[in-house]
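Quick notes on the structure that follows.
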Amino acid sequence: MKDLDLTTLRLFVAVCDARSIARIGEREHIVPSAISKRLAQLEQDLGCRLLTRIRRGVEPTAAGETLREHARGLLGAAQRVSDDMRAYTSGASGLVRLMATTSSVAESLPDDIADFLKIPAHQAIRVNVQEQLSRDVVRALREGSVSLGVCWDAADLSGLQTYPYRQDHLAIVTHEGHPLAGCKRLAFVDALAFDHVALPAASAVQLMLVRAAAASGQAIRYRAEVSTFEAALRVVRSGLGISVVPQEVAQPLAAAFNLCIIPLTDAWAQRRFAICFQDERSLSAAARLLAEYLAEVGRQA
Numbered sequence: 247m248k249d250l251d252l253t254t255l256r257l258f259v260a261v262c263d264a265r266s267i268a269r270i271g272e273r274e275h276i277v278p279s280a281i282s283k284r285l286a287q288l289e290q291d292l293g294c295r296l297l298t299r300i301r302r303g304v305e306p307t308a309a310g311e312t313l314r315e316h317a318r319g320l321l322g323a324a325q326r327v328s329d330d331m332r333a334y335t336s337g338a339s340g341l342v343r344l345m346a347t348t349s350s351v352a353e354s355l356p357d358d359i360a361d362f363l364k365i366p367a368h369q370a371i372r373v374n375v376q377e378q379l380s381r382d383v384v385r386a387l388r389e390g391s392v393s394l395g396v397c398w399d400a401a402d403l404s405g406l407q408t409y410p411y412r413q414d415h416l417a418i419v420t421h422e423g424h425p426l427a428g429c430k431r432l433a434f435v436d437a438l439a440f441d442h443v444a445l446p447a448a449s450a451v452q453l454m455l456v457r458a459a460a461a462s463g464q465a466i467r468y469r470a471e472v473s474t475f476e477a478a479l480r481v482v483r484s485g486l487g488i489s490v491v492p493q494e495v496a497q498p499l500a501a502a503f504n505l506c507i508i509p510l511t512d513a514w515a516q517r518r519f520a521i522c523f524q525d526e527r528s529l530s531a532a533a534r535l536l537a538e539y540l541a542e543v544g545r546q547a
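For the sequence shown, the working numbering gives the first residue as 247, with consecutive numbering after it.
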C-alpha cells in the first residue's frame, strides 16, 4: 500500500461529512473532478470501495466509515505536530509534555505550573499535563513519550534522573458521626475494622494500603470503589465508609462535606514526590526551566 496522503484524507473526511464532492470542491476552491480523481486513487491504493453514489451526492461505505475514523485520528495527530512545531518557529520557548500522578494533580502541581507560566520570561512556554498512574508515568519517561514526570519517589525510578518535589501525608477521612471521628492520629491497622472506600486497585495509594493490611495479617473491607479522590470523599460524606486519601486533598473539602481528617502515624503515610526525566542534558530549555522551578518549590514547601 502506498503512503497515505494527508490532503487526500482531509478531503475524504470532508466529503464524507458533507455527503457531497461538489460542495467540498466549492469550499476548498478545487474542481470536483480533481477531488474525484484523488478519491478514486485512494480507493485503488487501499483496494476497497470507500464511497457510493446516492441521489444527491455520495455516502461512505462500511469501509469508508472505518477509514473516516482512522483519518480523523491521523489528521488530529498531524495538526498537533504542526502546532508543536509552530511553538518553535513563532519564537516561543517550546512545549513541555509532563505526565503526573493523580495525587500530584489533585494537590499542588496545577497551581505550581500556573505560577511558573505567570513569570514573564515563561509566558511563551506551553505545558501539556497528562494524568496517569505512577507505573505509567515511569513507562512513558523510559519510552521518551513525555519530557518530565511527577510521581511518588517510592516507584521504580531506576535509570531515571530525579529532583525532589513536594510531600504529602495520607490520612483517614471519616464522616463526622463515625466512631473514629474523634481520633487525633491513627495507625492504619486500627482502621481495618471498618468499611473502606477504595480507589482503583492499581493506584499507588491503594497498592500501599493492600500491602500494609497484608503485613498485619488482615484484609481491607471494601464497601465501595471509586475512581477519584473527590468521589471517595463524597462517598465518605454519605456515611458508606472511610477512606485513605492525602490530607492535602481532603482539607479544602472537609468543612463543606462535614468530614474529619485523621493523619496516619505509619511511616509510609508520609510521601515525597519526585520530578523525573531521562537525562538532564537531553531536556529542552523549557523542560529544564520547569523541572528546576518545581524542584525549587519543593525545597521551599
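Quick reminder that beta carbons are idealized off the backbone N, C-alpha and C, glycines included.
With respect to S380, V342 sits apart: the two C-beta atoms are not nearer than 7 Å. Within its own chain, the residues whose Cβ lies closer than 6 Å to the Cβ of L252, once the five positions on either side in sequence are excluded, are A324, listed in chain order. Three or more Cβ pairs drawn from the segment 384 to 402 and the segment 527 to 540 lie within less than 8 Å of each other, which places the two stretches in contact. A straight-line Cα-Cα distance of about 26 Å links I418 and D382. The Cβ-Cβ distance between A496 and I488 does not fall below 7 Å. In the structure shown, the three-state DSSP call for P446 is coil. Pairwise C-beta distances place the segment 435 to 446 in contact with the segment 470 to 481, as three or more of them are shorter than 8 Å. CA-CA distance, Q287 to A401, rounds to 51 Å. At a Cβ-Cβ threshold of 7 Å, A450 and W514 do not count as neighbours. If only complete runs of 4 or more residues are kept, the segment 261 to 285 shows the alpha helix (DSSP H) at 267 to 274, in order along the chain. G310 counts as buried, since no fewer than 16 other beta carbons sit within 10 angstroms of its beta carbon. In the assembly as shown, D249 is an exposed residue. Its beta-carbon has fewer than 16 other beta-carbons within 10 Å. Judged by DSSP in its simplified three-state form, E422 adopts coil rather than helix or strand. Per DSSP, V392 lies in no alpha helix (DSSP H) segment and is marked neither H nor E.
Here I270 is near A260, since their CB atoms are less than 7 Å apart. Judged by beta-carbon spacing, H421 lies beyond the 7 Å limit of G322, meaning their Cβ atoms are not closer than that value.
If you look at V472, you'll find it isn't in any beta strand (DSSP E); DSSP assigns it neither H nor E. With respect to T312, L296 sits apart: the two C-beta atoms are not nearer than 7 Å.
Straight-line measurement puts the Cα of L536 at about 18 Å from the Cα of A386. In the three-state reduction of the DSSP assignment, E377 falls in the strand class. Between the segment 430 to 437 and the segment 450 to 464 there are three or more inter-stretch CB-CB distances shorter than 8 Å, so the stretches are counted as touching.
The straight-line gap separating the alpha-carbon atoms of L255 and R302 is approximately 22 Å. Nearest Cα to L479 within the set E289, Q369, Y539 and A500: A500.
If you check the CB distance, E315 and R265 do not come in under 7 Å. Taking a 10 Å sphere around the C-beta of S349, we find 16 or more other C-beta atoms and assign the residue as buried.
For the pair Y411 and A502, the CB atoms are not nearer than the 7 Å cut-off.
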